[in-house]
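Taken in sequence, the protein lines are chains A and B. Note that the numbering used here numbers the first sequence so that position 26 is 26, with each residue one more than the last. Just so we're on the same page, the numbering used here is the position in the second sequence counted from 1, plus 1000.
2 protein chains.
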Amino acid sequence: MTTQQLIQQIQQKKSFLCIGLDVDLTKIPQHLLELEDPIFEFNKAIIDATHDLCVSYKPNTAFYEAYGIKGLQSLQKTIDYINQNHPEIFTIADAKRGDIGNTSTMYAKAFLEDLNFDSVTVAPYMGKDSVEPFLAFKNKHTILLALTSNEGAFDFQTKVSEGKELYKTVIETSKSWKNSENLMYVVGATKADYFTEIRKIVPDSFLLVPGVGAQGGSLQEVCKLGMNKNVGLLINSSRGIIYASNGIDFAQKAREEALKLKLEMALILKSIN
Amino acid sequence: MTTQQLIQQIQQKKSFLCIGLDVDLTKIPQHLLELEDPIFEFNKAIIDATHDLCVSYKPNTAFYEAYGIKGLQSLQKTIDYINQNHPEIFTIADAKRGDIGNTSTMYAKAFLEDLNFDSVTVAPYMGKDSVEPFLAFKNKHTILLALTSNEGAFDFQTKVSEGKELYKTVIETSKSWKNSENLMYVVGATKADYFTEIRKIVPDSFLLVPGVGAQGGSLQEVCKLGMNKNVGLLINSSRGIIYASNGIDFAQKAREEALKLKLEMALILKSIN
């Protein structure tokens, strides 16, 4: 998918919502556990109920790897289901990978070619030659961890070197990498003030924003400081939507939660136009 | 496996060699491709030929994920084969994972419980709460990326903040995390001088050292500066051993390469006792 196609989808749906498909078998409705592939059935129901409200789905690979080969089959079925039924949706493999060059190429192929995700999240610690292999894929996107939404973000990401926090150095440095036009960045919503600084460095890039809702970030605040002329934001919500209910009405309740966020987003978009 | 058991194995075998099982189907002997599971058959032959010369095997998960569900099955069979036939071997899942707390727990379970590796490599960028979930597993080990052996290591890992390079801050900070006694560190051999500094911070920890051989690091130099009273080093070699030949003699040639390194290690161990 091109960035332009993502932007068009946002404009058409009046939404920049990304739904995190982090399926934990201990949290999903009990009646699904009797089915052959509860993870896929859960995802399918969530997707059927929400695809018109969101522009992106983001399965976190940890939740699938935790169930071994069966989990990987569920992931494969989930991405295939999205690609076949909702090809307009921007898909994100939240894998946070990163390794030396030829090894990163292996990961990139696995997620961007074989599983056919539109994008993958990547950790920056190993630098340029660990990220560039991901950037080489045309019309695919690499979402680099910049400032994450967890407590530990302050352990290293905000360390100041040469007058600059590490996350800013990561973003600035990444702009010089080959095919850097394929980069997006993870920026946690829990630190809305940082968006002002980040937009000075990457005014045009898309930012994937976790931490709205369950982790306490404010949608209004993030949009005020982080939005650009193409919106430029993908706001992720996982637990707040997919675990809104664990009864047989789970998909309907997920839709209601997604709809609340989507309507809030539509209002924000209206107010800036 | 306890650290003490690893140390005993090193003393008994007079080796601190780790063999990287990074299986690329385009590089293995052609005749294996006719078998049902070429990756496992390749690994099995390498393990059979080298298990008395090394103390550790390290499959890099990227090489298995690249082959989808079949690849994951090969990884499962490989770790099971090692655990069943050579339980004394210290196994490393080179996965370089790291995510927010509950998600890291998912990864930790996948590698340390379900696949039953002795250890897993983890990226530090997301800080304390992304690593501690891995440290919670008893007699399991978390190998934190500190200073990697690739070119990109100099992009961020050596940035100086408060008078200290990032990789040193990572190592120092990690010492305060819960169950930090379960930590080891990745330190590339290509920068032997750095070992002196690192040993001031973690005199007793084990260091996993890639980059000897193919990537140009010197074994002698690393041992001189990085060894401690328990040896404290696991020297990894992947391509130099497993791809020594791509003919039908590949396992024998791999043994010969492993033996060269093992004999060099035995000499070094003799010289310090």
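Glycine residues also receive a C-beta, built at the ideal position from the N, C-alpha and C atoms.
Here's the rule I'm using: 16 or more other beta-carbon atoms within 10 Å means buried, otherwise exposed. How should residue i be labelled?
{"i": "residue 1141 of chain B", "result": "buried"}
{"i": "residue 1160 of chain B", "result": "exposed"}
{"i": "residue 280 of chain A", "result": "Because chain A spans 1 through 273 in this model, residue 280 of chain A falls outside it and cannot be assessed."}
{"i": "residue 1163 of chain B", "result": "exposed"}
{"i": "residue 1002 of chain B", "result": "exposed"}
{"i": "residue 1273 of chain B", "result": "exposed"}
{"i": "residue 1247 of chain B", "result": "exposed"}
{"i": "residue 182 of chain A", "result": "buried"}
{"i": "residue 1017 of chain B", "result": "buried"}
{"i": "residue 43 of chain A", "result": "buried"}
{"i": "residue 1191 of chain B", "result": "buried"}
{"i": "residue 1058 of chain B", "result": "buried"}
Would you please verify whether the beta carbon of residue i is less than 8 Å from any beta carbon of chain B?
{"i": "residue 160 of chain A", "result": "yes"}
{"i": "residue 45 of chain A", "result": "no"}
{"i": "residue 244 of chain A", "result": "no"}
Would you kindly work out how many angstroms separate the C-alpha atoms of residue i and residue j, rounded to a whole number?
{"i": "residue 1157 of chain B", "j": "residue 126 of chain A", "result": "7 Å"}
{"i": "residue 239 of chain A", "j": "residue 1165 of chain B", "result": "37 Å"}
{"i": "residue 1275 of chain B", "j": "residue 207 of chain A", "result": "With chain B running from 1001 to 1273 in the structure shown, residue 1275 of chain B is simply not present."}
{"i": "residue 1128 of chain B", "j": "residue 1180 of chain B", "result": "11 Å"}
{"i": "residue 276 of chain A", "j": "residue 66 of chain A", "result": "Residue 276 of chain A is absent from the model: chain A starts at 1 and stops at 273."}
{"i": "residue 1133 of chain B", "j": "residue 1185 of chain B", "result": "17 Å"}
{"i": "residue 105 of chain A", "j": "residue 80 of chain A", "result": "22 Å"}
{"i": "residue 20 of chain A", "j": "residue 1187 of chain B", "result": "34 Å"}
{"i": "residue 1178 of chain B", "j": "residue 1130 of chain B", "result": "12 Å"}
{"i": "residue 1232 of chain B", "j": "residue 1260 of chain B", "result": "20 Å"}
For residue i, which residues in chain B fall below 8 Å Cβ to Cβ?
{"i": "residue 38 of chain A", "result": "Neighbours of residue 38 of chain A on chain B: none; closest Cβ ~16 Å, over 8 Å."}
{"i": "residue 150 of chain A", "result": "1100, 1101, 1126, 1127, 1129 and 1130"}
Check the Cβ of residue i against every Cβ in chain A and list those closer than 8 Å, keeping chain order.
{"i": "residue 1107 of chain B", "result": "62, 65 and 66"}
{"i": "residue 1154 of chain B", "result": "127"}
{"i": "residue 1145 of chain B", "result": "125 and 126"}
Do we get a CB-CB distance below 8 Å when we pair residue i with the residues of chain A?
{"i": "residue 1096 of chain B", "result": "yes"}
{"i": "residue 1011 of chain B", "result": "no"}
{"i": "residue 1173 of chain B", "result": "yes"}
{"i": "residue 1114 of chain B", "result": "yes"}
{"i": "residue 1192 of chain B", "result": "no"}
{"i": "residue 1110 of chain B", "result": "yes"}
Taking C-beta pairs closer than 7 Å, name the residues in chain A that residue i reaches, listed in chain order.
{"i": "residue 1170 of chain B", "result": "156"}
{"i": "residue 1136 of chain B", "result": "The contacting residues do not exist; residue 1136 of chain B stays about 15 Å from chain A at best."}
Among the options, which residue has its Cα nearest to the Cα of residue i?
{"i": "residue 270 of chain A", "options": "A/203, A/244, A/14 and A/77", "result": "A/14"}
{"i": "residue 193 of chain A", "options": "A/221, A/71 and A/212", "result": "A/221"}
{"i": "residue 1217 of chain B", "options": "B/1172, B/1150, B/1139 and B/1244", "result": "B/1150"}
{"i": "residue 1176 of chain B", "options": "A/93, A/172 and A/155", "result": "A/155"}
{"i": "residue 26 of chain A", "options": "B/1263, B/1024, B/1054 and B/1102", "result": "B/1102"}
{"i": "residue 1143 of chain B", "options": "B/1046, B/1100, B/1210 and B/1078", "result": "B/1210"}
{"i": "residue 1091 of chain B", "options": "B/1054, B/1258, B/1259 and B/1199", "result": "B/1054"}
{"i": "residue 243 of chain A", "options": "A/93, A/228, A/213 and A/84", "result": "A/213"}
{"i": "residue 1145 of chain B", "options": "B/1260, B/1170 and B/1068", "result": "B/1170"}
{"i": "residue 84 of chain A", "options": "A/135, A/197, A/96 and A/48", "result": "A/48"}
{"i": "residue 1116 of chain B", "options": "B/1123, B/1135, B/1082 and B/1136", "result": "B/1082"}
{"i": "residue 1007 of chain B", "options": "B/1254, B/1099, B/1204 and B/1097", "result": "B/1204"}
{"i": "residue 1249 of chain B", "options": "B/1039, B/1034, B/1045 and B/1024", "result": "B/1045"}
Run down chain A in chain order and give the residues with a C-beta less than 9 Å from the C-beta of residue i.
{"i": "residue 1166 of chain B", "result": "125, 156, 159, 161 and 166"}
{"i": "residue 1069 of chain B", "result": "69, 72, 73 and 76"}
{"i": "residue 1189 of chain B", "result": "The contacting residues do not exist; residue 1189 of chain B stays about 13 Å from chain A at best."}
Should residue i be flagged as near chain D, meaning a C-beta pair shorter than 8 Å?
{"i": "residue 93 of chain A", "result": "Checking the listed chains, one finds no chain D in this structure; the protein chains it contains are A and B."}
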